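The sequence shown maps to residues 1200 to 1361 in this note's numbering.
No residue lacks a Cβ here, since even glycine has one placed at the ideal position from N, Cα and C.
Computed from a predicted model, the values in this text were never measured in an experiment.
Note sheet for the following structure.
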Amino acid sequence: MFEKWISVTSTVCLTLSSICAYAVVERETFEVSVSIPTAEFHVLPVDPGWMGHEQKLHWNLATDELGSLRKQFDVKNTNGAIAARLSEEPYISNGREVDNIALAVMFNRIKLTVDNAQVIAASEANVGKRVELLIAAVKPDDGYKPGDYYGSVHMIFEALAP
């Protein structure tokens, strides 16, 4: 009888301890980072996740037009205005030069070229401002040709001395 009681007690204890031993545990790990710009000068995208990734210009089947790309940037220069330029004229290509599609790049509503242009006045740059980048296709005279098009846009920003 005593052996039976010990056996039942042992079984119950083992069962209860095994329930505790197999408790469900979930663990999550994620990365956290931040880039804190200098207080004097910065031109940074509001959402930096798109930089370095291919951006789609959507094709509208109803109008036979390409969509545009719009992104927001935070800008600041406590020592003067901000200028911008393109390192080269941007376009997208399907591999055939005759089918290239030029891209118009506007920063704070100012069209960028390969020549420096002031895009933020010193008075606005001093306190900081959020501005829009707009990239749009320039429709060719003979219309868009079918194909898969790729290209890149290289912008350069400079702090202008007062």
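query: Under three-state DSSP, which class holds N1325?; result: helix
query: Roughly how many whole angstroms lie between the Cα atoms of E1227 and K1275?; result: 37 Å
query: Buried or exposed for Y1349, please, with buried defined as at least 16 other CB atoms from any protein chain shown within 10 angstroms of its CB.; result: exposed
query: In chain order, what residues of the same chain have a beta carbon less than 7 Å from the beta carbon of E1287, not counting five sequence neighbours either side?; result: V1313, H1353
query: Taking the alpha carbon of P1244 as the reference point, which residue from S1322, N1315, L1332, A1336 has its own alpha carbon closest?; result: L1332
query: Leaving out five residues before and five after Q1254 in sequence, what residues of the same chain have Cβ atoms less than 6 Å from its Cβ?; result: L1268
query: Where do the ends of the beta strand (DSSP E) carrying D1273 lie?; result: 1268–1276
query: Can you tell which of G1248, N1293, A1360 has the C-alpha that lies nearest to the C-alpha of Q1317?; result: A1360
query: With a threshold of 16 other CB atoms inside 10 Å of the CB of L1260, please say whether the residue is buried or exposed.; result: exposed
query: Straight-line CA distance for A1282 to Y1343?; result: 32 Å
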